[in-house]
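Take a look at the structure set out below.
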């Protein structure tokens, strides 16, 4: 399985400008590669957010619903629902990011982080609609979150429901830039860049190849593009912090030592049941290789190394 694909400048431009309709058939690797363009200023990242708006309420799930009822066998549904639970719970953490906005050192950073709050809310609505209209689980958002949380790995629950609230509370209570650095390493670099984009990449490539779930492909590719923007912000922010204070490199490396092992455990299916991968053309080793390759690339751009 390829872990580092070359993407041309034309493909990058197409990925940056694609409409919601076109995103269904756009290779997600082209979207992820937007992270590795030359570092943008925060204002430029904000303008990219303005250009890349999409409406979760306009996606047509009619064909997705038909396929789910008629074409998805139990071995196909099992890994899909596991992945969906992880994506949904991850995007339910909007409130956790509010202290990040208040703690950001500059107004341009605060403005960009505010756009991320809007993105995460839109992602939640997208997944909620998919649960209601395709999986026929019509209930409230809180119930969806609780149901989804039961299907994710223990590592993901530790990261999102224990570690992230703890870091967020430190950011809120303390005038301590180290806490914000640690929070951005956890949420943007480990959760979004390393875990979420890896899972999205493999699931979307499979769905596109098999012509599955066109509405879901539109929305999840749009989410991956949003998250590539968030990660680009994090790389710029952390690189600036290291440049301005070399001590921050140590803060980042200590955060990685704490969060990455738990993050990589998320790739293992519940109870390490490998039957989750029986209907898929990839396995945990493919996910791990892609995740670690991407993490190493992001850290090189920041100017730090992954501790042994």
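In this note's numbering, the protein residues as written are 1 to 308. No residue lacks a Cβ here, since even glycine has one placed at the ideal position from N, Cα and C. These figures come from a predicted structure and were not determined experimentally.
Endpoints, alpha helix (DSSP H) assigned at residue i
{"i": "residue 228", "result": "214 to 244"}
{"i": "residue 165", "result": "164 to 173"}
{"i": "residue 179", "result": "177 to 184"}
{"i": "residue 99", "result": "98 to 103"}
{"i": "residue 73", "result": "Neither: residue 73 is in no alpha helix (DSSP H) and is coded neither H nor E."}
Beta-carbon proximity list for residue i, same chain, < 6 Å, skipping 5 on both sides
{"i": "residue 63", "result": "214"}
{"i": "residue 148", "result": "Because residue 148 carries a pLDDT of 44, less than 50, the predicted location of this residue cannot be relied on, and no value is offered for it."}
Residue i versus residue j - alpha carbon distance
{"i": "residue 167", "j": "residue 218", "result": "33 Å"}
{"i": "residue 84", "j": "residue 42", "result": "31 Å"}
{"i": "residue 79", "j": "residue 192", "result": "20 Å"}
{"i": "residue 270", "j": "residue 154", "result": "8 Å"}
{"i": "residue 129", "j": "residue 250", "result": "42 Å"}
{"i": "residue 212", "j": "residue 116", "result": "28 Å"}
{"i": "residue 309", "j": "residue 74", "result": "Residue 309 falls outside the range modelled here, since the chain spans only 1 to 308, and no answer is possible."}
{"i": "residue 32", "j": "residue 7", "result": "10 Å"}
{"i": "residue 111", "j": "residue 125", "result": "22 Å"}
{"i": "residue 19", "j": "residue 247", "result": "42 Å"}
{"i": "residue 60", "j": "residue 287", "result": "30 Å"}
{"i": "residue 22", "j": "residue 94", "result": "27 Å"}
{"i": "residue 137", "j": "residue 30", "result": "33 Å"}
{"i": "residue 256", "j": "residue 186", "result": "8 Å"}
{"i": "residue 135", "j": "residue 162", "result": "29 Å"}
{"i": "residue 216", "j": "residue 245", "result": "43 Å"}
{"i": "residue 108", "j": "residue 285", "result": "39 Å"}
{"i": "residue 208", "j": "residue 16", "result": "19 Å"}
{"i": "residue 236", "j": "residue 272", "result": "36 Å"}
{"i": "residue 89", "j": "residue 46", "result": "25 Å"}
{"i": "residue 123", "j": "residue 87", "result": "9 Å"}
{"i": "residue 295", "j": "residue 226", "result": "18 Å"}
{"i": "residue 254", "j": "residue 307", "result": "8 Å"}
{"i": "residue 77", "j": "residue 265", "result": "22 Å"}
{"i": "residue 101", "j": "residue 183", "result": "12 Å"}
{"i": "residue 82", "j": "residue 152", "result": "7 Å"}
Residue i - DSSP class collapsed to helix/strand/coil
{"i": "residue 38", "result": "coil"}
{"i": "residue 127", "result": "helix"}
{"i": "residue 153", "result": "coil"}
{"i": "residue 136", "result": "coil"}
{"i": "residue 77", "result": "helix"}
{"i": "residue 55", "result": "coil"}
{"i": "residue 12", "result": "helix"}
{"i": "residue 313", "result": "A question about residue 313 goes unanswered here, because the residues of the chain that appear run from 1 up to 308."}
{"i": "residue 25", "result": "coil"}
{"i": "residue 118", "result": "helix"}
{"i": "residue 292", "result": "helix"}
{"i": "residue 19", "result": "coil"}
{"i": "residue 194", "result": "helix"}
Residues near residue i in its chain [Cβ-Cβ closer than 7 Å; skip 5 each side]
{"i": "residue 281", "result": "206"}
{"i": "residue 28", "result": "200, 201, 204, 205, 221, 224"}
{"i": "residue 54", "result": "20, 222"}
Nonlocal neighbours in the same chain, by C-beta distance under 8 Å from residue i, ignoring five residues either side
{"i": "residue 231", "result": "35, 188, 189, 192, 193, 197, 298"}
Proximity test, Cβ basis, 8 Å: residue i and chain B
{"i": "residue 180", "result": "Protein chain content of the structure displayed is limited to a single chain, and chain B is not contained in it."}
Original post:
In chain order, which beta strand (DSSP E) runs of at least 3 residues are fully inside the region 248 to 290?
Top reply: none
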